[in-house]
Amino acid sequence: MTKNTYKAGRILMFCMLLALGICLVSAGRVEAAPSLNKSKMTLYVGDSATLKVKGTKKTPSFKSDKPSVAAVSGAGKVKAKKAGTCTVKVKVDGKTLKCQVTVKKSIELSKYLNKNFDKLKKAMGKVKRSKDDPAGSATDDLYLSTTSDPNSFIARVSRKTKKLTWFQNFGRKDVTLYGVRLGEKIDSAEKKLLKKGFKKKKTESYDWGAWRNYEKKGKHIRLRVVKSSQKVECYQWS
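Quick note: our numbering has the sequence shown finishing at residue 238, numbered continuously throughout.
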């Protein structure tokens, strides 16, 4: 074996090992299959959420099998229309991904504010009459609350006029007030109120957050905002 033949053989062996290494690396590399960030979601009427596709750079197509229940845009934004269930199908890379969407009814309390007592009770759902205000006078407002948690859904109703005088929501996410929902970012909530004609008033700041105040023709709304998340934790209407 000549020196040149030996050198050529070493080069050939190196190339074969290199090719084998590349094949092994390629075989071990598994492409991530496309997937959705959510396979199920629950929304209330009027709410929206965005579906995102992971594991691919190709543009997906979105379609709802019941757009009257929940519609979906080309960018994957799901908008809840009415109570019911539907499936959003996403086609990408020759595959079909699915997300089951459940839409629940939402109570917009601004439609019931200052209505008669019976309509107020219907809007609130199941309520019980708790003790009257401490003064105990026959002219005092009645205090109403949910049966599950008196601190989460509270209202005062005038004995004389049967109209709402004060209302607070601390726990029920199926309720909105002029479009504002618990857990919503304050920037979004404030835009809704300003669009409805409310004017921003003084903000009361505390260690844990702040009360944001808004007024419109004698109506007063207070939004309790958590500092860390900037989300609405509670609201009051009077």
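For each residue, glycine too, the CB sits at the ideal point set by N, CA and C.
What does a CB cutoff of less than 6 Å around MET41 pick up in its chain, not counting 5 residues either side in sequence? The residue labelled residue 41 in the question sits at position 41 within the sequence shown. Answer for MET41: ALA49 and VAL101, listed in chain order.
Beta-bridge partners of GLN100, as assigned by DSSP: Position 100 of the sequence shown, counted from the first residue, corresponds to residue 100. GLN100 is bridged to LYS40 and THR87.
Nearest-angstrom Cα distance between LEU164 and ALA155? One-based indexing of the sequence shown puts residue 164 at position 164. One-based indexing of the sequence shown puts residue 155 at position 155. Answer to the nearest angstrom: the Cα atoms are 7 Å apart.
Does GLU204 pass the burial test, meaning 16 or more other C-beta atoms within 10 Å, or should it be called exposed? In the sequence shown, the residue the question calls residue 204 occupies position 204. When all chains shown are included, GLU204 counts as exposed.
Cα separation between VAL72 and LYS162? Counting from 1 along the sequence shown, the entry for residue 72 is found at position 72. Counting from 1 along the sequence shown, the entry for residue 162 is found at position 162. Cα to Cα, VAL72 sits roughly 42 Å from LYS162.
Three-state class that DSSP yields for PHE170 in the structure shown: Here residue 170 is taken as the residue at index 170 of the sequence shown, counted from 1. DSSP places PHE170 in coil when its eight states are reduced to three.
Buried or exposed: where does ASP141 fall if 16 or more other Cβ atoms within 10 Å of its Cβ makes it buried? Translated into the one-based positions of the sequence shown, residue 141 becomes position 141. By the 10 Å Cβ count, ASP141 comes out buried.
Assigned exposure category for TYR206 - 16 Cβ within 10 Å defines buried: The count along the sequence shown starts at 1 and reaches residue 206 at position 206. Exposed.
Can you tell me which of the three DSSP states LEU24 falls into? As a working mapping, residue 24 is identified with position 24 in the sequence shown. Unreliable positioning characterises LEU24 in this predicted model, as indicated by a pLDDT of 47, which lies under 50. The coordinate reading is nonetheless provided below. Looking at LEU24 - three-state DSSP - the assignment turns out to be helix.
Would you please state the rounded distance, in angstroms, between the beta carbons of VAL45 and SER106? I believe it to be under 8 Å. Working through the sequence shown from its first residue, we reach residue 45 at position 45. Working through the sequence shown from its first residue, we reach residue 106 at position 106. About 5 Å; that satisfies the 8 Å criterion.
Nearest-angstrom Cβ-Cβ length linking SER61 and LYS81, presumed shorter than 8 Å: Locating residue 61 in the sequence shown gives position 61, counting from the first residue. Locating residue 81 in the sequence shown gives position 81, counting from the first residue. Wrong, their Cβ atoms sit about 20 Å apart, outside the cutoff.
How big is the Cα-Cα spacing for LEU120 and SER64? The sequence position of residue 120 within the sequence shown is 120, counting from 1. The sequence position of residue 64 within the sequence shown is 64, counting from 1. Cα to Cα, LEU120 sits roughly 35 Å from SER64.
I'd like the ranges of any beta strand (DSSP E) spanning at least 3 consecutive residues and lying wholly in the region 205-238. 209-216, 219-226 and 232-237
Given a cut-off of 8 Å on the beta-carbon distance, is the pair TYR178 and SER110 in contact? On the sequence shown, residue 178 is found 178 positions in, with the first residue counted as 1. On the sequence shown, residue 110 is found 110 positions in, with the first residue counted as 1. Taking 8 Å as the Cβ cut-off, TYR178 and SER110 qualify as a contacting pair.
Give every residue of the same chain whose Cβ lies closer than 6 Å to the Cβ of HIS240, excluding the five residues on either side of it in the sequence, and list them in chain order. Lying outside 1 to 238, the shown extent of the chain, residue 240 is not represented and no answer is given.
Around the Cβ of ASP47, are there at least 16 other Cβ atoms within 10 angstroms (buried) or fewer (exposed)? On the sequence shown, position 47 is the one that residue 47 refers to. ASP47 comes out buried.
Report yes if the C-beta distance between LYS77 and LYS89 is below 8 Å; otherwise report no. Working through the sequence shown from its first residue, we reach residue 77 at position 77. Working through the sequence shown from its first residue, we reach residue 89 at position 89. In this structure, LYS89 does not lie closer than 8 Å to LYS77 by Cβ.
Euclidean distance between Cα positions of TRP211 and SER145: Taking the first residue of the sequence shown as 1, we reach residue 211 at position 211. Taking the first residue of the sequence shown as 1, we reach residue 145 at position 145. So the alpha carbons of these two residues sit roughly 22 Å apart.
Pull the bridge partners of PHE239 from the DSSP assignment, please. Any question about residue 239 goes unanswered here, given that the chain covers just 1 to 238.
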